[in-house]
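What follows is a single structure, written as structure tokens, with notes after it.
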Amino acid sequence: MTTKTKIPHALACGIALACALALIGPTQTAHAGSVTQPGERIGLAAGAPLPQGFYFVDTTDFGGRTPPSHETVGVTIPVIVWATPFHILGAQVQALVAPPLVEASTPGFHAQGWYNPLIQGQLAWNLGDGFGASYALGAYIGIDSPVADHSSSINQWGALSYTGGGYDLTASVIYGTQLDSRTNPNFLNLDLTATKSFGKWSVGPVGYYSTDLNTPYAGYRKQSQFALGGLVGYNFGPVILQTYLTKTVSETHYGGQDTRFWFRIIVPLGS
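Its first residue numbered 6, the sequence shown is counted upward by one per residue in this note's numbering.
Written out as structure tokens, the structure is:
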């Protein structure tokens, strides 16, 4: 399970995932609509099933928005994944848990702590000829933290991947439903990966889009954004490292363009 032909599939699970945040400043409340952090599934061939076993994946990112926002946010998302030996409807059953950590600041304000933990189950199909598809259902659990949503939410993830010929061509769609619809909006994310492996290296363009789907209360301004960037990865066999840089090219009601650096480590833990 740790051979070089299999380890790239460690990019496959709907791993990675959990986080955005609600920043509460001294004079205003600005809610980032997406509970799942936009861009966090970049670089993961999320449509393909994993080789059986356990995996540790950690995705860390840090960035800030241009004025007038002046927001800076750092996120760490450790994930434990179990690719089980069980199958349902021809799909491999996979499960994950993720307890994210968030640090956020604006001028005159700083907060850090645990973010809403994610529990999720996934079905992943090998469609043949390098194609795969997956569907995941899970929930972010509301907790009492200065950087968390106190509301729980249901998340549905779907992904299509092509991993033939050293490529990772993946589109991941995340649909979130807030259980407390009075304070937070439902949301839709789209994470995109188009990388190619050259020996142990992988490189290519990436991007993401996110948007609020409703206005939970009067005066709420729906947010949306689109970002592009590039990814570089290296397969040490069995450990995989990835870095990518993204920058907002358009946004609505986020108060500035976001530039963000990401780092990921993927470690197979054995059967």
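Ideal Cβ placement from N, Cα and C applies to all residues, glycine included.
Item	Value
Who does Tyr213 pair with in a DSSP beta bridge?	Asp196, Ala232
Is the distance from the Cβ of Leu218 to the Cβ of Ala199 below 7 Å?	no
Under 8 Å Cβ to Cβ from Pro221, same chain only, skipping five residues before and after it: list those, please.	Gln183, Ser186, Arg187, Thr188, Asn189, Pro190
What distance in whole Å lies between the Cβ atoms of Ala138 and Gly48, which are believed to be in contact at a cut-off of 8 Å?	Actually they are not in contact, since the Cβ atoms of Gly48 and Ala138 sit about 18 Å apart, beyond 8 Å.
Decide if Ser39 is buried, meaning its Cβ has at least 16 other Cβ atoms within 10 Å, or exposed.	buried
State whether the stretch 91 to 105 contacts the stretch 120 to 134, with contact taken as three or more CB pairs (one from each stretch) at a distance under 8 Å.	yes
Between which residues of its own chain and Gly143 is the CB-CB distance below 7 Å, once the five residues before and five after are set aside?	Leu123, Ile124, Gln125, Gly126, Asn160
DSSP three-state call for Gly275: helix, strand or coil?	strand
Across which residues does DSSP place Pro83 in a beta bridge pair?	Asp63
In this structure, what does DSSP give as the bridge partners for Ser139?	Ala129, Ala164
Quick check: the Cα distance between Ser276 and Ala223, rounded to an integer number of angstroms?	51 Å
Measure the Cβ-Cβ separation of Gly238 and Thr251 and say whether it is below 7 Å.	no
What's the gap between the Cα of Gly212 and the Cα of Gln117?	27 Å
So, are the CB atoms of Ala109 and Leu55 less than 7 Å apart?	no
State the Cα-Cα distance for the pair Phe203 and Gly209, rounded to the nearest angstrom.	11 Å
Round the Cβ separation of Glu45 and Ile82 to the nearest angstrom and send it over; I've been treating them as touching at under 8 Å.	6 Å
Nearest to Pro112 by alpha carbon, out of Pro104, Arg70, Gln247, Thr41?	Arg70
Buried or exposed: which applies to Arg226, given that a residue is buried once 16 or more other Cβ atoms fall within 10 Å of its Cβ?	exposed
Considering only residues of the same chain and omitting the five flanking positions on each side of Phe150, which have a CB-CB separation below 6 Å?	Strictly speaking, residue 150 in this sequence is Ser, with Phe absent from that position. Cβ within range, chain order: Gly118, Trp119.
When DSSP labels each residue in this structure, what does Gly224 get in the three-state scheme?	coil
In this structure, does DSSP put Leu69 in helix, strand or coil?	Position check: residue 69 holds Gly in this sequence, whereas Leu was assumed. Strand.
Which residue marks the beginning of the beta strand (DSSP E) containing Leu174, and which one marks its end?	172 to 183
Assuming Gly163 contacts Tyr145 (C-beta within less than 8 Å), just tell me the rounded distance between them.	17 Å between Cβ atoms; not a contact.
According to DSSP, simplified to helix, strand and coil, what is Gly169?	helix
If Gly68 and Thr264 are in contact, beta carbons under 8 Å, what's the gap, nearest whole angstrom?	5 Å
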